[in-house]
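K.L.:
Please find one structure pasted underneath; my questions will follow.
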Amino acid sequence: MMPRKRKNEYICVIGTGRFGSAVVSQLAKMNCPLLLIDKDEEVLKSYDDLAQKVVIADAGDMKALRALNLQEIGTVVVAVPDNIEIVAALLELKVNNIIARATSKRHARVLKQIGVNVIVRPEYEAGVRTALLAANPNFSRYSQTLQEIGDGFVMGTTILNNPKLINKPIKELKFFNLGISVVLIKRGTESILPTGVTVLQKSDLITILGKVEDVTNAFGFLNVED
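The numbering of the sequence shown is UniProt numbering, which starts it at 1 and goes up by one.
Below, the structure written as structure tokens:
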């Protein structure tokens with residue numbers, strides 16, 4: 001039996017290798033209820049304090065998956081690299097939200113074709129991030145707040161402190177000259193989708209989109225207090 005929480009609140013992680021372990025650790029920090037599945041009993045013992053339930057099973061075994069009622073789980077993360085059979089079994093069970101690891105572009109394409117909701121390529125994404133760190137000196141300073149979008153574009157959030165920008169509408173500030181777009185403003189508990197007439201206020205949390213160098217340069221401009 002599952003612990004006493006609604007099953008759709010659970011996140012199931014299949015595979016606890018390096019990638020799966022990182023996923024589990026982060027989800028545990030976020031206090032997400034976890035169900036872990038792995039073939040290795042010894043490995044699973046180290047997760048007793050992090051997960052609400054651990055199951056020793058071959059995730060490619062349809063009978064084992066069916067017994068766990070995974071179709072009632074909110075999200076299933078398939079963290080093992082060799083995962084086509086596992087994903088196919090989950091799809092047959094009509095699991096609603098599947099996040100699967102891909103090891104190559106071709107692998108990702110196959111996963112997409114068979115119906116996976118979200119595909120991640122951790123090695124590729126780590127490589128992109130490393131390249132950004134190497135090529136853009138400012139990226140390391142802001143790397144924790146930046147999210148890669150693709151094709152050299154990133155999105156990031158910073159606090160507005162520059163007095164030259166405060167109490168002015170966005171259209172007057174011509175952010176496009178800096179190569180960035182303001183896509184969201186967080187003001188206290190309010191989230192604002194900005195337009196040209198949106199007036200910026202001190203301590204607004206500004207989310208911007210643009211090329212890496214443009215975004216990191218804009219962060220310095222938005223943050224400056226003098």
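Ideal Cβ placement from N, Cα and C applies to all residues, glycine included.
1) Whose C-alpha, out of ILE185, VAL215, LYS211, PHE19, is nearest the C-alpha of ILE99?
2) Which class does SER21 belong to by DSSP, given the choice of helix, strand or coil?
3) Run through the UniProt domain "RCK C-terminal" (141–224) for me and flag every whole beta strand (DSSP E) of 3 or more residues, listed as ranges in chain order.
4) Can you give the Cα-Cα distance for ILE159 and HIS107, rounded to whole angstroms?
5) Would you mind stating whether ALA126 and ARG101 have Cβ atoms separated by less than 7 Å?
6) Does DSSP put ALA100 in a helix, in a strand, or in coil?
7) Can you tell me whether MET1 is buried or exposed? The criterion is at least 16 other CB atoms within 10 Å of its CB, across all chains shown.
8) I need the straight-line Cα distance from THR16 to GLN147, nearest angstrom please.
9) Is GLY210 near ILE185, with beta carbons less than 7 Å apart?
10) Quick one: any contact between the segment 106–122 and the segment 51–60, if contact means 3 or more CB pairs under 8 Å?
11) Could you please give the first and the last residue of the uninterrupted alpha helix (DSSP H) stretch that includes LEU111?
12) Comparing C-alpha positions only, which one of ILE11, THR195, VAL154 sits nearest to PRO33?
13) To the nearest angstrom, how far is the alpha carbon of LEU178 from that of LYS171?
14) Within a Cβ cutoff of 6 Å, which residues of the same chain sit near GLU41, ignoring the five residues on either side of it in sequence?
P.N.:
Straight from the coordinates:
1) Of the residues ILE185, VAL215, LYS211, PHE19, the one whose Cα lies closest to the Cα of ILE99 is PHE19.
2) Secondary structure at SER21: helix, using DSSP grouped into helix, strand and coil.
3) Runs of the beta strand (DSSP E) inside the UniProt domain "RCK C-terminal" (141–224): 146–150, 153–159, 180–187, 190–192, 205–211.
4) A direct Cα-Cα distance of roughly 40 Å separates ILE159 from HIS107.
5) Taking 7 Å as the Cβ cut-off, ALA126 and ARG101 do not qualify as a contacting pair.
6) In the structure shown, ALA100 falls within a strand segment according to DSSP collapsed to helix, strand and coil.
7) Note that MET1 scores 44 on pLDDT, short of 50, meaning its location in the model is unreliable; the coordinates nonetheless yield the value given after this. Exposed, because fewer than 16 other Cβ atoms sit within 10 Å of the Cβ of MET1.
8) Each residue's alpha carbon lies about 25 Å from the other.
9) ILE185 is positioned such that its CB atom lies no closer than 7 Å to that of GLY210.
10) Contact fails: fewer than three Cβ-Cβ distances are below 8 Å.
11) LEU111 -> alpha helix (DSSP H) spans 105–114.
12) Its Cα nearest to that of PRO33, the residue ILE11 stands out among ILE11, THR195, VAL154.
13) The alpha-carbon of LEU178 is positioned some 13 Å away from that of LYS171.
14) Hits under 6 Å: ILE56.
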